Amino acid sequence: MAASQVTSGAVLEETFYIFSKKKTVYRVRLTEKGLNLQKESNGSTKTEAILLSDIVGCRCVRSRRKSESCVCRPSVGGGGGPGSGRRNGAGKGDRVPSYVDDNSSEQDENDINAYLHIYAYVLKKRRGRVKSDPQQASGKRERTTITLRFRSFDRYEENLREAQRWRVAIKCLMRNKPVPKSVLCNGDAYEPGKSLSML
Numbered sequence: 110m111a112a113s114q115v116t117s118g119a120v121l122e123e124t125f126y127i128f129s130k131k132k133t134v135y136r137v138r139l140t141e142k143g144l145n146l147q148k149e150s151n152g153s154t155k156t157e158a159i160l161l162s163d164i165v166g167c168r169c170v171r172s173r174r175k176s177e178s179c180v181c182r183p184s185v186g187g188g189g190g191p192g193s194g195r196r197n198g199a200g201k202g203d204r205v206p207s208y209v210d211d212n213s214s215e216q217d218e219n220d221i222n223a224y225l226h227i228y229a230y231v232l233k234k235r236r237g238r239v240k241s242d243p244q245q246a247s248g249k250r251e252r253t254t255i256t257l258r259f260r261s262f263d264r265y266e267e268n269l270r271e272a273q274r275w276r277v278a279i280k281c282l283m284r285n286k287p288v289p290k291s292v293l294c295n296g297d298a299y300e301p302g303k304s305l306s307m308l
């Protein structure tokens, strides 16, 4: 999938960092077409796009224990959902934190980070297939979980509020509903399908 498929005016955008890799930065943009993840590391840039139509849901969670891993990393493959303990997408030596719902008694009260899991089934094109079989040529869907860690503030409640802004914006766009003014940085209402020049 080409990055240009998701490129348009941003509804929300933020820069995230990987804890274990000091020179790796993710620039994440949410647009009316989807999520654009731009990874910048050691002078190179890699872009991944997830179409809005591929996103099936999202939720805010809190860590069960202290987190030492990624702020923004696709988790690919089966069983990599929240709390599964799988190492999907993790580099060697990275620990994937265990997550719990905000109202769980097992949450880490010392962790001020809020996390947003974005769930998607991304179409991966198959290579080397015979073109006469359109079903085989189109590819298959791969389950992906994007985890964004919000830690700009000194209090968990403020970081959770920021994660919830992203969650609300994604949910509104998925349902083709206007994104509330309070969610957007500049306070102008965003309505899907309308010109993004007001942003």
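Numbered by the numbering used here, the letters in the sequence shown go through residues 110 to 308 in order. C-beta atoms are modelled at their ideal positions from N, C-alpha and C, and glycine is treated no differently. Owing to the predicted nature of the structure, the values given are computational and were not obtained by experimental measurement.
Per DSSP, what kind of secondary structure is residue i in: helix, strand or coil?
{"i": "Asn64", "result": "One cannot answer for residue 64 here, as it falls past the ends of the chain, which runs 110 to 308."}
{"i": "Leu160", "result": "strand"}
{"i": "Arg136", "result": "strand"}
{"i": "Lys233", "result": "strand"}
{"i": "Leu121", "result": "strand"}
{"i": "Lys142", "result": "coil"}
Excluding the 5 residues preceding and the 5 following residue i in the sequence, name in chain order all residues of the same chain whose CB lies nearer than 7 Å to its CB.
{"i": "Gln273", "result": "Cys169"}
{"i": "Val231", "result": "Ile159, Asp163, Arg250, Glu251 and Thr253"}
{"i": "Met283", "result": "Leu161 and Ile164"}
{"i": "Glu266", "result": "none"}
Can you name the residues that DSSP bridges to residue i?
{"i": "Val170", "result": "Tyr224"}
{"i": "Gln147", "result": "Arg136 and Thr156"}
{"i": "Phe259", "result": "Ala223"}
{"i": "Ile127", "result": "Lys130"}
{"i": "Glu251", "result": "Val231"}
For residue i, collect the residues of the same chain with a Cβ closer than 6 Å to its Cβ; drop the 5 residues on either side in sequence, then sort them by chain order.
{"i": "Arg149", "result": "One detail in the question is off: residue 149 reads as Glu in this sequence, not Arg. Same-chain partners within the cutoff: Val134."}
{"i": "Cys281", "result": "Val288"}
{"i": "Gly166", "result": "Tyr228"}
{"i": "Phe259", "result": "Ala223, Asn268, Glu271 and Ala272"}
{"i": "Arg81", "result": "With the chain covering only 110 through 308, there is no way to say anything about residue 81."}
Starting from the C-beta of residue i, find all residues in its chain whose C-beta is less than 8 Å away, skip the five residues before and the five after it, and write them out in chain order.
{"i": "Arg264", "result": "Ile221"}
{"i": "Thr154", "result": "Gln147 and Lys148"}
{"i": "Leu121", "result": "Arg138, Leu139, Arg274, Trp275, Ala278, Val292, Leu293 and Cys294"}
{"i": "Phe262", "result": "Ile221, Asn268 and Glu271"}
{"i": "Lys233", "result": "Gly248, Lys249, Arg250 and Glu251"}
State buried or exposed for residue i, treating a residue as buried only when at least 16 other CB atoms are found within 10 Å of its CB.
{"i": "Glu123", "result": "buried"}
{"i": "Ser172", "result": "buried"}
{"i": "Arg235", "result": "exposed"}
{"i": "Lys201", "result": "Any reading at Lys201 is ruled out, since the residue's pLDDT is 37, under 50, leaving its predicted position unreliable."}
{"i": "Asn268", "result": "buried"}
{"i": "Lys131", "result": "exposed"}
{"i": "Lys290", "result": "exposed"}
{"i": "Glu141", "result": "buried"}
{"i": "Gly152", "result": "exposed"}
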